[in-house]
Ligand SMILES: Cc1cc2nc3c(=O)[nH]c(=O)nc-3n(C[C@H](O)[C@H](O)[C@H](O)COP(=O)(O)O)c2cc1C
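Residue numbers (UniProt numbering): 1 to 191.
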């Protein structure tokens, strides 16, 4: 697949299984993440690679966060148990997750907004590199990207943000190709 085919045909892979990217391939993904446009060369991001026992650690953090949320809730006991069970399983939807967070720097010419965009580019670049290497990937956030207990557990300070959880692995099945999206309504021209 050449670069244009990759850009025009990319699509997410929600259903992932082992194998995860090999060490060499992971290294390529991380290098692609580092290669993004970066105003001021601040590298205002951090990548936390979660696999193996790390997935259980992430699951424990999610469970802690949801347990606090559910304390004093009006839900019936069985509903609470179901929610906790569902939450604890979330990190196991793939054999590897890269958590992309910001690592904001103070800079007079580079506002946080630009640094956040750059960190978002990292997630996209790593997803594209994963596709190019034959893996599947899905960029997720959800409540746990914004939860203070989860942020603390992952070592993301209050003044930084989790940009996404990039789930990585091998697709469980061949996906039906999604149709291209028409760009006409999203473009204007000055000529
Ligand atoms: C910042 C960000 C957060 C996202 N969070 C979620 C999410 O939590 N759950 C989800 O199903 N899709 C999420 N998505 C969307 C998927 O990654 C994916 O793009 C979407 O399902 C469309 O599929 P496609 O990539 O094949 O076009 C998110 C995308 C972005 C850019």
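Think of the CB as a built atom: it goes at the ideal place given N, C-alpha and C, for glycine as much as any other residue.
Only a predicted model underlies this, so the values are computations on that prediction, with no experimental measurement involved.
- Cβ contact annotation for residue 65 (same chain, cutoff 6 Å, sequence separation greater than five): 147, 149, 150, in chain order.
- Taking 8 Å as the cut-off, the beta carbon of residue 169 is found closer than this to the beta carbon of residue 18.
- Residues of the same chain with a CB within less than 7 Å of the CB of residue 68, apart from the 5 flanking positions on each side, are 149 in chain order.
- Close CB contacts of residue 84 within its chain, under the 8 Å cut and outside five residues either way in sequence, are with 63, 66, 67, 70 (chain order).
- The beta carbon of residue 100 sits closer than 7 Å to the beta carbons of 45, 47, 119, 122, 123, 163, 164, 166 from its chain, once the five residues preceding and following it are set aside; these are given in chain order.
- A direct Cα-Cα distance of roughly 10 Å separates residue 76 from residue 82.
- Not one heavy atom of ligand 1 falls within 7 Å of the beta-carbon of residue 101.
- Pairing residue 129 with residue 29 gives a Cβ-Cβ distance under 8 Å.
- Residue range 53-70 is occupied by the alpha helix (DSSP H) that includes residue 55.
- Collapsing the DSSP output to three states places residue 107 in coil.
- Between ligand 1 and the CB of residue 141, the shortest heavy atom gap is smaller than 7 Å.
- For the pair residue 137 and residue 9, the CB atoms are not nearer than the 8 Å cut-off.
- The beta strand (DSSP E) runs lying completely inside the stretch 108-186 and spanning 3 residues or more are 136-140, 162-171, given in chain order.
- DSSP places residue 11 outside both helix and strand once states are collapsed to three, so it counts as coil.
- Rounded to whole angstroms, the gap between the alpha carbons of residue 51 and residue 116 is 25 Å.
- A residue is called buried once 16 or more other Cβ atoms fall within 10 Å of its Cβ, and residue 41, having fewer, is exposed.
- Put simply, of 39, 3, 25, 180 the residue whose alpha carbon is nearest the alpha carbon of residue 107 is 39.
- Straight-line spacing of the CA atoms in residue 27 and residue 180 works out to 31 Å.
- Annotation: residue 14 to residue 49 spans about 18 Å, alpha carbon to alpha carbon.
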